[in-house]
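Contents: one structure, followed by commentary.
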Amino acid sequence: MWAMNDILTSTDYIAVIGTSGTAAASTLEGYATAAETCLLFINAWSGEGNDRTELSNTDQDNMILKVANNCNNTIVSDNTIVSVTTVGARLLDAWIEHPNVTAVVYSSLLGEQSSQAIINVLYGHVNPSGRLAHTIAKNENNYPVKVCLTAECAFTEVVYLDYRYFDKHKISPRFKFGFGLSYTSFEYAAIPSISYVNEAALGLTAPQAALAPGGQLDLWDTVMHLQLRIKNTGNVDGAEVAHLYVGFPDEAEQPPRQLRGFEKIFLRKGEYDTVSFNLRRRDLSYWDVYSQTWVIAKGRYTFWVGSSSRDLRSNTTYTIS
């Protein structure tokens, strides 16, 4: 059984449920009861020239709950799968902990092959390796912005956007920035190795090269190289996306961690390999509003490598003096 709530559709034909939600879902329980497995497809409005005004949809949430409560005519059947198509965050807490919701396929705009891609993942023909490009909160109040109804809107978050805001305010998200499941598992080495450091460049507080679009040219020079071994410890071939985060010294007054690189590595079951990260001068700099330039702070930098902003598997430090 499949059902779709398309926010641009208003029809109650067969199992396609429109914006009228529960009013159009008079036979939805019947479809769910007779089905062995239930697939639900929901989406979120997006487009150019305007912003979304909601982070959830009551009609969609009610449809999911109604199907999950009745699928396969059992109390607990673990056989309701929800596919979410959205270009940004969408709150899931109305139903994510329902005992019959066994999986969520959370995607961006997959294009004309979206149906085949979803089938390949659900049937195990492909091991998924997608990762969230934003944080999914537990409730709307966890996000620092509201709908702006005036001609001018003030954005006061400065650099504390998405995971950086959640980290600063110690908010537990529903799903972390960079989160994503796999049919296998990966093991990270405990400590990443720093294999190259340009100490002369790091000794200069500010960049010295000529100004060009994007900043001084030496902002893009590699000043440090980190590497780390990752092993596929599961029984299925798959790809892992390793994230590199940097923590600045206190004097820089920066977020607790900032993403500075990511690498996808494909490993067959039992195989291991090394991922490498090149850090540029810009990656270790912050914008100093007083001197109006990019500055490298003196002190201890911390480097974390992991599979998401909160799942950090290994770390090391380096002090710039």
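Numbering (full-length UniProt numbering), first residue to last: 1 to 321.
Note that beta-carbon positions come from the ideal geometry of N, C-alpha and C, so glycine has one too.
Small disclaimer: the values here were computed from a predicted structure and weren't measured.
Sub-9 Å separation of Glu253 and Tyr286 beta-carbons: In this structure, Tyr286 lies closer than 9 Å to Glu253 by Cβ.
Three-state class that DSSP yields for Gly261 in the structure shown: Gly261 falls in the strand class under three-state DSSP.
For Ala297, three-class secondary structure by DSSP: Secondary structure of Ala297 (DSSP, three-state): coil.
From Arg131, Phe186, Thr205 and Arg52, residue whose alpha carbon lies closest to that of Val145: That would be Arg52, whose Cα lies nearest to the Cα of Val145.
8 Å Cβ shell around Val87 - same chain, five flanking residues per side excluded: Around Val87, the same chain offers Ala44, Ser46, Ser108 and Leu109 as residues with beta carbons nearer than 8 Å, after the five sequence neighbours per side are excluded.
C-alpha distance - Thr184 paired with Ala133, whole-angstrom precision: Cα to Cα, Thr184 sits roughly 21 Å from Ala133.
Cα-Cα separation between Gly180 and Pro256, rounded to whole angstroms: Their backbone Cα atoms lie some 22 Å apart in a straight line.
Three-state secondary structure assigned by DSSP to Glu240: Glu240 falls in the strand class under three-state DSSP.
Spatial distance of Trp220 from Tyr123 (CA atoms): Rounded to whole angstroms, Trp220 to Tyr123 spans 44 Å at the Cα level.
Contacts around Thr316, its chain only, beta-carbon distance under 7 Å, and the 5 residues preceding and following it disregarded: So the list reads Ile191, Pro192, Ile194 and Phe303, once near-sequence residues are dropped.
Identified DSSP bridge partners for Tyr245: DSSP output for Tyr245 lists Leu259 and Trp304 as bridge partner(s).
One or two residues paired with Glu187 in a DSSP bridge: Lys231, per the DSSP bridge assignment.
Expected contact under 8 Å - CB spacing of Val84 and Arg90 to nearest Å: With 8 Å as the limit, Val84 and Arg90 qualify as a contact, their Cβ atoms being about 6 Å apart.
Nearest-angstrom beta carbon gap, Phe277 and Leu226 [assumed within contact, 8 Å]: That pair is a contact at about 5 Å.
Alpha carbon of residue 323 to alpha carbon of Asn127, nearest angstrom: There is no way to answer for residue 323, as the model of the chain reaches only from 1 to 321.
Residues bridged to Ser285 (per DSSP): Beta-bridge pairing links Ser285 to no other residue.
Residue burial classification, Cys71 (beta-carbon count within 10 angstroms, cutoff 16): So Cys71 ends up on the buried side.
Residues bridged to Asn70 [DSSP beta-bridge criterion]: DSSP, once it has assigned bridges, lists no residue as partnering Asn70.
Three-state secondary structure assigned by DSSP to Val121: Three-state result, Val121: helix.
Exposure label - Asn232; buried when at least 16 CB within 10 Å: Result: buried.
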